[in-house]
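First comes the structure, then the notes that go with it.
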Amino acid sequence: MNKRSILLGTVAAASLFAIGAGDAGAEVLNDHTEHWKELWGHVLLDIGVIGVVFGLMASYFLVAYRRSRDDQVGSGPKFSFAQSMAWALIPAFVFMADDFYLAASGWKLWNDQRIVPENALEVKLTGRMWSWDFDYGNGKVNTNEDGLVVPQGKPVVMRMKSEDAVHSFFIPEYRIKEDLMPGRVTYLWFYPKSVGEYVFTCTEFCGTNHSNMWGKVKVIPAAEFDAWLNPPAAEEVAAAPAEGEAAMAAEGEAAPAAEAAAPAGH
Amino acid sequence: MKEWIFTTDHKRIGILYLVGSIAAFAVAGLMALGIRVELMAPGTQFIEPDIYNVMLYFHGAAMILAFLIPGLTGFLANYLIPLMIGAHDVAFPRINAFSVWLFWFAIVLALLSLAIPNPPDIMWTGYVPYSSQYSSGNSSFYVFTVHMLGFSSILGAVNFLCTVIFMRAPGLGWMQLNFFVWTILGAFVIQLIFIPVLAAAVTLLLFDKYFGTAFFVPDKGGDVLLYQNLFWFYSHPAVYVILLPAIGVFMDVISTMARNQVFNYKVAVFGGVWGVVLLGSDVWVHHLYTSGMADWIRIGMMVTTLLISIPVGLLIISLVGTLYRGSIQFSTAMWYTAASFWLILIGGLTGIPLAMTSLTLHLAETYFVMAHFHFIMGITATFAVFAGVYHWFPKMTGKMYNESLGKLAMSLNFIGVNLIFWPLFIIGVEGMPRRYQDYQMFPQFEVSQWWSTIGAVVVALSTILMIWNWISGAIWGPKAPSNPWGSVSLEWTHTESPPGPGNFKEIPKISPNWHPHEYSKA
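These protein sequence lines are chains G and L, in that order. Going by my numbering, the first sequence opens with residue 1, and the numbers climb by one from there. Going by my numbering, the second sequence opens with residue 1001, and the numbers climb by one from there.
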């Protein structure tokens, strides 16, 4: 298979994928973070090749065509109409082919990032100056100091809104971010592959404590998560939390006002 | 003094633009230095967040609106366009004087905004609703600065479009214009079409903040994203207002210093310059890839943004191609131009992943974006302004600067900017967000931030050397030959250095075979 047919195939595949996107993806274990890293590698290679070609050419010209005599003048090529059109159209088509190849791969990854798997755990995120709330929908609300607790191996979708300025929820580990604003609900999803703690932080400028609006995504084993989210006896948990990092719903509701001014310390 | 303030001579107005924009560059550069020193280590070193945010706002706003745009379309366009097309002055000299007055008032207002009790801290983008509802800063100072600069630019655009259309020397055809003139035409067409949109955006912001309207308040039927769309509808094309004249300067410098015709001139003009103007107006949503726009428009603008590589690619082919079989003399301006190949290549190519929505979901609002636009827009265009000053220094002053000192300052500057931004590219990919006063959540980035700050110090030193070279050259420099680079362009062959009032004793008659970039038969 030559390069051209690979290219056309990619464009066609991406278009089909986009058309069939509505019913695809649900059952597939789809880790867009991994796909991001793959595509990033391809794009670095792509721009690296262009950069080396142009860079070497310019460097060679700068060295090779230094002035040797004072009366020396340049003798750059004079083009006929056909030649000058060729020098316009051939590079234009090469660039365009590369653009469409990149667009197709970018679109494919875009579908992975934007089509939420059906079994995703839904968490409602509210951002404000300068803290976050994570609402798990059963009365459990975590502040950004508690962190975003999620189960390993289950996709998580954040439904997000802001109470004041525009904020942006960014998890570098999962290569994903999306803005939050008043008046609209936005979303992002990610796949917590391995257990661990990863930084999330705000990436839309929102005033004094913009750079203190951060916390940790805490990925724990699925079984632990179920126990944490739906404790066997609600009364017992209300009296004494099973785990230190789990906050009670009542605390979560009351906390933001007091914490708004304080940086999230760790 | 009086003959400078009330001057209507395009050359003096050009110098006034230069002085004003270099003043803005110096203050905004000091802000950058302060920002970099603050970021040497995580936590607060010596600049509190609120002051830091004001510095960041001023650095961005002043560098773009008061240094790069006036430096290229104010200073260089004013000084060079009438000389290059063989005209006595611009079409409307008094409007031109009014433009530079507005520019100076805007600079004063911008500096005043730093002295008032609550300076604006809304970044140069001024995103609502932070700027309109939650910031305690006096956003009005920024809004009025934008109004004045915008008004100044629109008047300039009308003036220069009329000048080039109606005041070319007899016989000077469209295909005989210096490449710089074409890029200035493209830049001013963009300014004329798009500035009103920016003015509208910031005016609505002003109304929301001070007069209780609700254009951007969702509770009352407004829309937050409307502002971002209006803002970037101008502010993305504004990148080309800066980039096009920068490429124009480089093309003229290369053609002169390599004594070579512009490679594929017509294609570079129509495909390159006008291709950028046309396509560049349809890509603004790439600034909104993560801001919650509809998916279909994010995908659509990914395609248009990627396609920008075609006209920009044609311009770069012409830049590199003009070296081919040339006869290159390395003046300081040519050193800046050679360095700009590196800047344009790195800055342009890092734009390709950023054009892709899906990769940008990670890269947006990180140091990767910041390093990208500093390379392609900030430093490339700054180098163009510096190259322009050096290249036309003998024309403007009649004297010579110190070539070795110029090359030393240029080398330090080039090393410095690479030292600043390469570490930032790397930690940007790893997730370091922009506009952070503190990065305690990413302590692993401290080493990169530290090196970056060293780079900023090197750039500061190089800038001092460069400005000293200009000032000392203008005062004590040796007398320059009338045409030191052996150029065939009108401003060198038909005027004195510096040109007297009216530029040309007699307006030259242009023969159809003459071309400002044609050396081989001269």
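Ideal Cβ placement from N, Cα and C applies to all residues, glycine included. These numbers were taken from a predicted model, which means no experiment stands behind them.
I need the straight-line Cα distance from residue i to residue j, nearest angstrom please.
{"i": "serine 1520 of chain L", "j": "leucine 1243 of chain L", "result": "29 Å"}
{"i": "serine 1511 of chain L", "j": "asparagine 1159 of chain L", "result": "26 Å"}
{"i": "phenylalanine 1179 of chain L", "j": "isoleucine 1317 of chain L", "result": "14 Å"}
{"i": "isoleucine 1154 of chain L", "j": "threonine 1163 of chain L", "result": "14 Å"}
{"i": "isoleucine 1184 of chain L", "j": "proline 192 of chain G", "result": "51 Å"}
{"i": "alanine 1387 of chain L", "j": "methionine 160 of chain G", "result": "48 Å"}
{"i": "phenylalanine 1442 of chain L", "j": "valine 1429 of chain L", "result": "13 Å"}
{"i": "threonine 33 of chain G", "j": "proline 151 of chain G", "result": "17 Å"}
{"i": "threonine 1073 of chain L", "j": "aspartate 146 of chain G", "result": "53 Å"}
{"i": "alanine 26 of chain G", "j": "glycine 41 of chain G", "result": "Because alanine 26 of chain G sits at a pLDDT of 42, beneath the cut-off of 50, its placement in the model cannot be relied upon, and the point is left open."}
{"i": "alanine 1041 of chain L", "j": "tryptophan 1392 of chain L", "result": "42 Å"}
{"i": "leucine 1307 of chain L", "j": "phenylalanine 95 of chain G", "result": "8 Å"}
{"i": "proline 975 of chain L", "j": "methionine 1377 of chain L", "result": "Since the first residue shown for chain L is 1001 and the last is 1522, residue 975 of chain L is missing from the structure and cannot be characterised."}
{"i": "alanine 1062 of chain L", "j": "threonine 1145 of chain L", "result": "10 Å"}
{"i": "tyrosine 1436 of chain L", "j": "methionine 85 of chain G", "result": "48 Å"}
{"i": "glycine 1020 of chain L", "j": "tryptophan 1104 of chain L", "result": "7 Å"}
{"i": "glycine 1137 of chain L", "j": "valine 185 of chain G", "result": "28 Å"}
If we count the other Cβ atoms within 10 Å of its Cβ and call it buried at 16 or more, is residue i buried or exposed?
{"i": "arginine 69 of chain G", "result": "exposed"}
{"i": "asparagine 1503 of chain L", "result": "buried"}
{"i": "phenylalanine 1068 of chain L", "result": "Going by the sequence as given, residue 1068 of chain L is leucine instead of phenylalanine. Buried, since its Cβ has 16 or more Cβ neighbours within 10 Å."}
{"i": "arginine 1094 of chain L", "result": "exposed"}
{"i": "alanine 1115 of chain L", "result": "exposed"}
{"i": "tyrosine 136 of chain G", "result": "buried"}
{"i": "glycine 1416 of chain L", "result": "buried"}
{"i": "methionine 1001 of chain L", "result": "exposed"}
{"i": "serine 80 of chain G", "result": "exposed"}
{"i": "valine 1278 of chain L", "result": "Reading the sequence as shown, one finds leucine at residue 1278 of chain L and not valine. Under this definition leucine 1278 of chain L is an exposed residue."}
{"i": "histidine 1517 of chain L", "result": "buried"}
{"i": "phenylalanine 139 of chain G", "result": "The displayed chain sequence assigns glycine, not phenylalanine, to residue 139 of chain G. With fewer than 16 Cβ atoms within 10 Å of its Cβ, glycine 139 of chain G is classed as exposed."}
{"i": "alanine 223 of chain G", "result": "exposed"}
{"i": "serine 1404 of chain L", "result": "exposed"}
{"i": "tryptophan 1004 of chain L", "result": "exposed"}
{"i": "glutamine 1176 of chain L", "result": "buried"}
Short check: CB of residue i to CB of residue j, under 9 Å?
{"i": "phenylalanine 1058 of chain L", "j": "tyrosine 1127 of chain L", "result": "no"}
{"i": "glycine 183 of chain G", "j": "aspartate 1223 of chain L", "result": "yes"}
{"i": "isoleucine 1085 of chain L", "j": "leucine 1490 of chain L", "result": "yes"}
{"i": "glutamate 204 of chain G", "j": "lysine 218 of chain G", "result": "no"}
{"i": "valine 1100 of chain L", "j": "leucine 1016 of chain L", "result": "yes"}
{"i": "methionine 1257 of chain L", "j": "threonine 1337 of chain L", "result": "yes"}
{"i": "methionine 213 of chain G", "j": "aspartate 164 of chain G", "result": "no"}
{"i": "phenylalanine 100 of chain G", "j": "leucine 148 of chain G", "result": "no"}
{"i": "glycine 1150 of chain L", "j": "alanine 1199 of chain L", "result": "yes"}
{"i": "serine 1309 of chain L", "j": "aspartate 98 of chain G", "result": "yes"}
{"i": "alanine 1456 of chain L", "j": "alanine 1032 of chain L", "result": "yes"}
{"i": "arginine 67 of chain G", "j": "arginine 1298 of chain L", "result": "no"}
{"i": "serine 1497 of chain L", "j": "methionine 1432 of chain L", "result": "no"}
{"i": "asparagine 1483 of chain L", "j": "alanine 1409 of chain L", "result": "no"}
{"i": "isoleucine 1022 of chain L", "j": "asparagine 1096 of chain L", "result": "no"}
{"i": "leucine 1225 of chain L", "j": "phenylalanine 1215 of chain L", "result": "no"}
{"i": "proline 155 of chain G", "j": "leucine 109 of chain G", "result": "no"}
{"i": "phenylalanine 1188 of chain L", "j": "proline 77 of chain G", "result": "no"}
{"i": "leucine 1363 of chain L", "j": "leucine 1349 of chain L", "result": "no"}
{"i": "tyrosine 187 of chain G", "j": "valine 116 of chain G", "result": "yes"}
{"i": "aspartate 1208 of chain L", "j": "valine 1197 of chain L", "result": "no"}
{"i": "serine 1135 of chain L", "j": "glycine 207 of chain G", "result": "yes"}
Looking at the strands, I want to know which residues DSSP matches up with residue i.
{"i": "valine 1108 of chain L", "result": "DSSP output for valine 1108 of chain L lists no bridge partner at all."}
{"i": "leucine 1161 of chain L", "result": "Per DSSP, none; premise fails for leucine 1161 of chain L."}
{"i": "tryptophan 214 of chain G", "result": "G:Thr201"}
{"i": "aspartate 133 of chain G", "result": "G:Thr126 and G:Thr143"}
Exercise. Compile a chain-ordered list of the residues in the stretch 1256-1290 of chain L whose CB is closer than 8 Å to at least one CB of chain G.
Key: Ala1258, Arg1259, Asn1260, Gln1261, Phe1263, Asn1264, Lys1266, Val1267, Gly1271 and Thr1290
Practice problem: Check each residue of the stretch 190-220 of chain G: if its Cβ is closer than 7 Å to any Cβ of chain L, include it; give the result in chain order. | Solution: Val199, Thr201, Thr203, Glu204, Phe205, Cys206, Gly207, Thr208, Asn209, His210, Ser211, Asn212 and Trp214
Quiz prompt | Chain-ordered residues of the stretch 1364-1386 of chain L with a beta carbon less than 8 Å from chain G | solution = Ala1364, Glu1365 and Thr1366
Quiz item: Listed in chain order, which residues of the stretch 1290-1305 of chain L have Cβ atoms closer than 7 Å to some Cβ of chain G?
Solution: Thr1290, Ser1291, Gly1292, Asp1295, Ile1299, Met1302 and Val1303
Quiz item: Using a Cβ cut-off of 7 Å, which residues of the stretch 161-175 of chain G contact any Cβ in chain L, in chain order?
Solution: Asp164, Ala165, Val166, Ser168, Phe170, Pro172 and Arg175
Practice problem: Give the residues from the stretch 28-61 of chain G that approach chain L closer than 7 Å (Cβ to any Cβ), ordered along the chain. | Solution: Trp36, Leu39, Trp40, Val43, Ile47, Ile50, Gly51, Phe54, Gly55, Met57, Ala58 and Phe61
Exercise. With 8 Å as the C-beta to C-beta threshold (strictly closer), list the residues of the stretch 1329-1350 of chain L near chain G in chain order.
Key: Gln1329, Phe1330, Ala1338, Phe1341, Trp1342, Leu1345, Ile1346, Leu1349 and Thr1350
Quiz item: In chain order, what residues of the stretch 1184-1201 of chain L put their CB closer than 7 Å to some CB of chain G?
Solution: none
Quiz item: Using Cβ-Cβ distances below 9 Å, what residues of the stretch 1437-1449 of chain L are close to chain G?
Solution: Gln1437, Asp1438, Tyr1439, Gln1440, Met1441 and Phe1442
Quiz item: Closer than 7 Å, Cβ to any Cβ of chain L: which residues of the stretch 115-146 of chain G, in chain order?
Solution: Met129
Quiz item: Got a sec: which bits of the stretch 1490-1519 of chain L sit with their beta carbon under 8 Å from any beta carbon on chain G, in order along the chain?
Solution: Tyr1519
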